[in-house]
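Undergrad: Sharing a structure with you now.
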Amino acid sequence: MATALLEVAMSTSASAVLQRVFTRNRAEELGYDVWSHFVVPPFFDKLDLATARKPRVVIGGRGCGKTMLLRYLCHQSTFSEARTSIADSELTHIGLYWRADTQFANAMSQRGVPDDVWTSAFGHLAALVLGTELLGSLNSIADSVCTAFGPDALGGLDLSPLGAFDSSLPATFGALRNALEQR
Numbered sequence: 001m002a003t004a005l006l007e008v009a010m011s012t013s014a015s016a017v018l019q020r021v022f023t024r025n026r027a028e029e030l031g032y033d034v035w036s037h038f039v040v041p042p043f044f045d046k047l048d049l050a051t052a053r054k055p056r057v058v059i060g061g062r063g064c065g066k067t068m069l070l071r072y073l074c075h076q077s078t079f080s081e082a083r084t085s086i087a088d089s090e091l092t093h094i095g096l097y098w099r100a101d102t103q104f105a106n107a108m109s110q111r112g113v114p115d116d117v118w119t120s121a122f123g124h125l126a127a128l129v130l131g132t133e134l135l136g137s138l139n140s141i142a143d144s145v146c147t148a149f150g151p152d153a154l155g156g157l158d159l160s161p162l163g164a165f166d167s168s169l170p171a172t173f174g175a176l177r178n179a180l181e182q183r
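Using my numbering, you'd call the opening residue of the sequence shown number 1 and step up by one each time.
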């Protein structure tokens, strides 16, 4: 009898639900917007993350929640489409998340290429990734319930001052984002 009940309970759909619930247990598997998954710890308000003037180091063993915390603090979660209200104070600190691929970074050395060339290449990569992430944060804000600005405002942004750094950079939001992603 117990076996028959277990078989019914573990029908194909129930099995799929259980598998999905118990296998998506790492922040990397949840995507960048973890707003609805993050459990705010009781001591969270005592952290000085919003007022700190110097970097903070997050230390912990594997699986303790370091990545989940960092993704919770990034713009995708702060300006999540799942949030029903967003205080204007959220605009004072906008988190950008970039986890560098250590294997790729380690490959950016030696192989007959001088270190200064690799350093320049990594700097270029960092500028592209962070520039794209910065534009992504503006997109997150525009798509959220935050009233600072909406999607229409993105099209009206004048980014032509960036031409002082690189004259080939487009002056509109969408074109600049595409250009950075293509490089």
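Just so it is clear, CB atoms sit at the ideal spot from N, CA and C, and this is done for glycine as well.
Keep in mind the model is a prediction, meaning the values are calculated, not measured.
(1) State whether the segment 90 to 106 contacts the segment 117 to 134, with contact taken as three or more CB pairs (one from each stretch) at a distance under 8 Å.
(2) If you reduce the DSSP assignment to three classes, tell me which class G136 lands in.
(3) Check each candidate in I86, D158 and V57 and name the one with the smallest Cα separation from F173.
(4) Going by CA-CA distance only, name the one from P42, M108 and A27 that's closest to C74.
(5) If we ignore side chains and look at the alpha-carbon of each, how far apart do L5 and V58 end up?
(6) Determine which residues share a DSSP beta bridge with G215 and list them.
(7) Using C-beta distances below 7 Å, list every residue in its chain close to W35, excluding the 5 sequence neighbours before and after it, in chain order.
(8) Tell me which residue opens and which closes the alpha helix (DSSP H) that P42 is part of.
(9) So H193 packs on L30, CB below 8 Å; how close in whole Å?
(10) If you run the structure through DSSP and keep just helix, strand and coil, what is W35?
(11) When DSSP labels each residue in this structure, what does V129 get in the three-state scheme?
(12) Report the residue from L162, M108 and G112 whose alpha carbon sits nearest the alpha carbon of T119.
(13) Where G61 and T102 are concerned, what is the direct C-alpha to C-alpha distance, given to the nearest angstrom?
(14) Assign L49 to buried or exposed, taking buried as 16 or more other Cβ atoms, counted over all protein chains shown, within 10 Å of its Cβ.
(15) What residue does the alpha helix (DSSP H) around A153 start on, and which one ends it?
(16) Starting from T102 and walking both ways along the alpha helix (DSSP H), at which residues does that stretch end?
(17) Return helix, strand or coil for T67, following the three-state DSSP convention.
(18) Can you round the beta-carbon distance between L154 and L138 to whole angstroms, since I take them to be within the 8 Å contact cut?
TA: For this structure:
(1) yes
(2) In the three-state scheme derived from DSSP, where H, G and I count as helix and E and B as strand, G136 is classed as helix.
(3) D158
(4) A27
(5) In this prediction, L5 scores a pLDDT of 48, lower than 50, which makes its location untrustworthy; no coordinate-derived value is stated.
(6) Because the chain spans 1 through 183 in this model, residue 215 falls outside it and cannot be assessed.
(7) S77, S80, A82 and R83
(8) Note, P42: premise wrong, no alpha helix (DSSP H); not H, not E.
(9) Here the chain covers residues 1 to 183 and nothing more, so residue 193 does not appear.
(10) coil
(11) helix
(12) M108
(13) 18 Å
(14) Burial call: exposed.
(15) P151 to G155
(16) T102 to A107
(17) The three-state secondary structure of T67, taken from DSSP, is helix.
(18) 6 Å
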